[in-house]
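Undergrad: Residue numbers (our numbering), protein chains in the order written: chain A, 58 to 330; chain B, 30 to 327. C-beta atoms are modelled at their ideal positions from N, C-alpha and C, and glycine is treated no differently. Model, not experiment: these values are computed from the prediction.
Encoded structure:
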């Protein structure tokens, strides 16, 4: 689906943001790209819909080299939700905002209406449909940006820091929603710092530091490796921190889920209950 | 409101630094009030986490604390609000700013000078402080926030975490009694965020600055706080000590992001295992579990 072949990227101010990154994202993958501020995460995913073209190396999306295709065409298949919704929103009402791309892609009015309705309800924005996006709270604006991309139903959805400013309920909805999208065969790429969110989603994790990929594996294994996560300026999830302190008792270390943790502890204490 | 929680927390009103009574506010053109009958007491030296679903009124409440409401945002404000012994509607933003410092979510919105120390000095220049005093105050603020070495760098060249520390230093240089931070770490990686929480925790502990931290990521923030306020739909719905608030049924129902350590405690309790206390961070949980696991093993 997305093949990244040993890419390098240098910004015009000579900052070398990517230094030889190779990555293969398959159809239906759910990948979290994690790492410290400035590690190159956003630079990397901006290559997935052709917003940036590699200085060296190649990115192949659905068999097409991104250097040979327009961003407009690529984004029909690869939807990108930006980190800061203010970089994305500009219409006068939430409804228009969500309809904008659909109209641009040339969908019929009837379908536009249906899709807008669907996306607005999905993200709990119904009561704000006539509001100006700029009157909404930060978390709400973030959801408008998300709705406007999901509305055109791209095969790949890239979410840059989707949980910023979201409360727990919204995060839980987002998680269920991503899991659902993924179950329908969509490819989901999330760029995030939010370890607890990743621990709950349990996706494939690509950890980056200083323009390179440090490790690529299951969340369970990556996030419980104290050495690797520290290198990427990540703090292990709380459950994993707890279990790191219990290894003397012979308990496993690769635990990130609350309920798995409970079962293991209850099992351990089993005889006494 | 949850009565038990309110009783568990007794603040001596004479030591209060913020008092609100039936505070109600509607933005200009707003159809419904954004704050509804908010009555709060925050003690001097408290470290408060203010949390709740997005759009619940957290930021609006913060805007009342430094007078942006009602002096900058018009609209309709009812009830009473007293901050650092000043009735907010009767004092200008300029006066209030000397007592209440505000740090925004995105430091880029706050920094503009060509060097870190110029940015930190800006507020003091506005106060007309003599040069020597200003120099000393700037250096002190840079040291407290651990960015003295960055003083000659341009803020826009720094990392997000460094920029946020500059923003905190700018506010700290004014020596406020109260610091209000509106999701100051949401753009930072977890280690960067942890450093910011440590800096804020230090300012609270060493200097006695009252901290009001608006935050969703309670896993990282909760170990420093002694007071948690949860808002929902413009109202204060929970107000008490962290462990009482996190372990309450209402917190779960409102959708507060209860720390995983507390969640594990609850899950174990359902399974019949009781830890001695409610842990709010991983260190506490580890210690409590070590006790139970070694004891019950014999």
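Measuring alpha carbon to alpha carbon, tell me which residue in A:75, A:134, A:276, A:83 is nearest residue 96 (chain A).
TA: For the purposes of this step, residue 96 (chain A) is taken as residue 39 along the first chain, with counting starting at 1. The candidate whose alpha carbon is nearest that of residue 96 (chain A) is A:75.
Undergrad: If we require 3 or more residues per run, which beta strand (DSSP E) segments fall completely within the segment 94 to 163 of chain A?
TA: With a minimum length of 3 residues, the continuous beta strand (DSSP E) runs that stay inside the segment 94 to 163 of chain A are 113 to 118, 135 to 138.
Undergrad: Does the Cβ-Cβ distance between residue 297 (chain A) and residue 287 (chain A) come in under 7 angstroms?
TA: Indexing the first chain from 1 puts residue 297 (chain A) at position 240. Indexing the first chain from 1 puts residue 287 (chain A) at position 230. No, the pair does not count as a contact, with Cβ atoms beyond the cut-off.
Undergrad: Report yes or no: is there a C-beta of chain A within less than 7 angstroms of the C-beta of residue 277 (chain B)?
TA: Start at 1 with the first residue of the second chain, and residue 277 (chain B) comes out as number 248. By this cut-off, residue 277 (chain B) is not an interface position.
Undergrad: If you drop the 5 nearest sequence neighbours on each side, which residues of the same chain put their C-beta closer than 7 angstroms to that of residue 311 (chain A)?
TA: The residue given as residue 311 (chain A) occupies position 254 in the first chain. If we look at residue 311 (chain A) and ignore the five residues flanking it on each side, its Cβ neighbours are 277, 278, 281.
Undergrad: Less than 7 angstroms between C-beta atoms, sequence neighbours within five positions excluded: which residues of the same chain meet that for residue 320 (chain A)?
TA: As a working note, residue 320 (chain A) is residue 263 in the first chain. Cβ within range, chain order: n/a, list empty.
Undergrad: Indicate whether residue 129 (chain B) and residue 150 (chain B) have their beta-carbon atoms separated by less than 7 angstroms.
TA: Translated into the one-based positions of the second chain, residue 129 (chain B) becomes position 100. Translated into the one-based positions of the second chain, residue 150 (chain B) becomes position 121. Not closer than 7 angstroms, so no.
Undergrad: Using beta-carbon positions only, say whether residue 173 (chain A) and residue 214 (chain A) come within less than 7 angstroms of one another.
TA: Here residue 173 (chain A) refers to the residue found at position 116 of the first chain. Here residue 214 (chain A) refers to the residue found at position 157 of the first chain. Not a contact, by the Cβ cut-off of 7 angstroms.
Undergrad: Measuring only between beta-carbons, confirm whether residue 68 (chain A) sits less than 7 angstroms from chain B.
TA: In the first chain, the residue the question calls residue 68 (chain A) occupies position 11. Cβ-Cβ to chain B under 7 angstroms: no for residue 68 (chain A).
Undergrad: How many angstroms separate the CA atom of residue 81 (chain A) from the CA atom of residue 58 (chain A)?
TA: Locating residue 81 (chain A) in the first chain gives position 24, counting from the first residue. Locating residue 58 (chain A) in the first chain gives position 1, counting from the first residue. Taking the straight line from one Cα to the other gives about 8 angstroms.
Undergrad: Tell me the rounded alpha-carbon separation between residue 290 (chain B) and residue 274 (chain B).
TA: Taking the first residue of the second chain as 1, we reach residue 290 (chain B) at position 261. Taking the first residue of the second chain as 1, we reach residue 274 (chain B) at position 245. Rounded to the nearest angstrom, the two C-alpha atoms are 14 angstroms apart.
Undergrad: In chain A, what lies closer than 8 angstroms to residue 223 (chain B) by C-beta?
TA: Position 194 of the second chain holds residue 223 (chain B). The answer, in chain order, is 292.
Undergrad: Is there contact between the segment 98 to 106 of chain A and the segment 124 to 135 of chain A, where contact requires at least three CB pairs shorter than 8 angstroms?
TA: Taking 8 angstroms as the limit for Cβ pairs, the verdict is that the segment 124 to 135 of chain A does touch the segment 98 to 106 of chain A.
Undergrad: Should the segment 110 to 125 of chain B be regarded as contacting the segment 136 to 153 of chain B, the criterion being three or more beta carbon pairs within less than 8 angstroms?
TA: Result no; under three Cβ-Cβ pairs closer than 8 angstroms.
Undergrad: List, in chain order, every chain A residue whose beta-carbon is nearer than 9 angstroms to that of residue 237 (chain B).
TA: Position 208 of the second chain, counted from the first residue, corresponds to residue 237 (chain B). What residue 237 (chain B) touches in chain A: nothing, since even the nearest Cβ is about 28 angstroms away.
Undergrad: Hey, residue 284 (chain B) and residue 226 (chain A): beta-carbon distance below 7 angstroms or not?
TA: Residue mapping note: residue 284 (chain B) aligns to position 255 of the second chain, counting from 1. Residue mapping note: residue 226 (chain A) aligns to position 169 of the first chain, counting from 1. In contact: residue 284 (chain B) and residue 226 (chain A) (Cβ atoms closer than 7 angstroms).
Undergrad: Check whether chain B comes within 7 angstroms of residue 71 (chain A), counting only Cβ atoms and requiring the distance to be less than that.
TA: The count along the first chain starts at 1 and reaches residue 71 (chain A) at position 14. It does not; no Cβ of chain B falls within 7 angstroms.
Undergrad: Could you tell me the boundaries of the alpha helix (DSSP H) in which residue 194 (chain A) lies?
TA: Translated into positions along the first chain, residue 194 (chain A) becomes position 137. Careful: residue 194 (chain A) lies outside any alpha helix (DSSP H) and carries neither H nor E.
Undergrad: What distance in whole Å lies between the Cβ atoms of residue 231 (chain A) and residue 220 (chain A), which are believed to be in contact at a cut-off of 8 angstroms?
TA: Within the first chain, numbered from 1, the residue matching residue 220 (chain A) stands at position 163. Within the first chain, numbered from 1, the residue matching residue 231 (chain A) stands at position 174. Right, their Cβ atoms sit about 7 angstroms apart.
Undergrad: Could you compute how far the alpha carbon of residue 251 (chain B) sits from the alpha carbon of residue 279 (chain B)?
TA: Locating residue 251 (chain B) in the second chain gives position 222, where the first residue counts as 1. Locating residue 279 (chain B) in the second chain gives position 250, where the first residue counts as 1. When rounded, the distance between both Cα atoms is 18 angstroms.
Undergrad: Using three-state DSSP, classify residue 65 (chain A) as helix, strand or coil.
TA: Counting from one through the first chain, the residue named residue 65 (chain A) turns up at place 8. Residue state, collapsed to three classes: strand.
Undergrad: Between which two residues does the alpha helix (DSSP H) containing residue 173 (chain B) stretch?
TA: Locating residue 173 (chain B) in the second chain gives position 144, counting from the first residue. It spans 160 to 173 - the alpha helix (DSSP H) in which residue 173 (chain B) sits, taken as one unbroken run.
Undergrad: Does the distance from the C-beta atom of residue 121 (chain B) to that of residue 89 (chain B) stay below 7 angstroms?
TA: In the second chain, the residue the question calls residue 121 (chain B) occupies position 92. In the second chain, the residue the question calls residue 89 (chain B) occupies position 60. No, Cβ-Cβ distance for residue 121 (chain B) and residue 89 (chain B) is not below 7 angstroms.
Undergrad: Hey, could you find the ends of the beta strand (DSSP E) residue 233 (chain B) is sitting in?
TA: In the second chain, counting from the first residue as 1, residue 233 (chain B) sits at position 204. Not the beta strand (DSSP E): residue 233 (chain B) falls in the alpha helix (DSSP H), residues 219 to 236.
Undergrad: Which same chain residues, not among the five before or five after residue 363 (chain B), have their C-beta less than 6 angstroms away from its C-beta?
TA: Since the displayed chain B opens at 30 and closes at 327, residue 363 (chain B) lies outside it and no answer follows.
Undergrad: Taking residue 146 (chain A) as the reference, give the member of A:229, A:223, A:199 with the closest Cα.
TA: Taking the first residue of the first chain as 1, we reach residue 146 (chain A) at position 89. The option with the nearest alpha carbon to residue 146 (chain A) is A:199.
Undergrad: Assuming residue 155 (chain A) and residue 177 (chain A) form a contact by the criterion Cβ under 8 angstroms, report the distance between their Cβ atoms to the nearest whole angstrom.
TA: The residue you call residue 155 (chain A) lines up with position 98 of the first chain. The residue you call residue 177 (chain A) lines up with position 120 of the first chain. Right, the Cβ-Cβ distance comes to about 6 angstroms (below 8 angstroms), so this counts as a contact.
Undergrad: Between residue 217 (chain A) and chain B, is any beta-carbon pair separated by less than 7 angstroms?
TA: Here residue 217 (chain A) refers to the residue found at position 160 of the first chain. It does not; no Cβ of chain B falls within 7 angstroms.
Undergrad: In its own chain, which residues sit with a C-beta less than 7 angstroms from the C-beta of residue 222 (chain A), not counting the 5 before and 5 after it?
TA: In the first chain, residue 222 (chain A) corresponds to position 165, counting from 1. Excluding positions up to five away in sequence, the list reads 195, 196, 199.
Undergrad: Is the Cβ-Cβ distance between residue 221 (chain B) and residue 263 (chain B) less than 7 angstroms?
TA: The residue labelled residue 221 (chain B) in the question sits at position 192 within the second chain. The residue labelled residue 263 (chain B) in the question sits at position 234 within the second chain. No; because the gap between Cβ atoms is not below 7 angstroms, this pair is not in contact.
Undergrad: Taking the Cβ atom as the reference point for each residue, do residue 66 (chain A) and residue 112 (chain A) lie within a distance shorter than 7 angstroms?
TA: Looking up residue 66 (chain A) in the first chain gives position 9. Looking up residue 112 (chain A) in the first chain gives position 55. Cβ distance < 7 angstroms, so residue 66 (chain A) and residue 112 (chain A) count as in contact.
Undergrad: Cβ of residue 222 (chain A) less than 7 angstroms from any chain B Cβ?
TA: As a first step, residue 222 (chain A) is located in the first chain; it is residue number 165 there, counting from the start. Chain B, which has a Cβ nearer than 7 angstroms to the Cβ of residue 222 (chain A), makes this yes.
Undergrad: Please compile the residues from chain A whose C-beta is within a distance smaller than 7 angstroms of the C-beta of residue 292 (chain B).
TA: To locate residue 292 (chain B), count along the second chain from 1; it is residue 263. Within chain A, the residues near residue 292 (chain B) are 315.
Undergrad: Measuring alpha carbon to alpha carbon, tell me which residue in A:93, A:188, A:114 is nearest residue 50 (chain A).
TA: With chain A represented from 58 up to 330, any question about residue 50 (chain A) goes unanswered, as that position is not in the structure.
Undergrad: Check the Cβ of residue 288 (chain B) against every Cβ in chain C and list those closer than 7 angstroms, keeping chain order.
TA: No chain C is present in this structure, whose protein chains are A and B.
Undergrad: Are the segment 51 to 59 of chain B and the segment 95 to 113 of chain B touching by the rule of at least three beta carbon pairs closer than 8 angstroms?
TA: Enough Cβ pairs lie closer than 8 angstroms, so yes.
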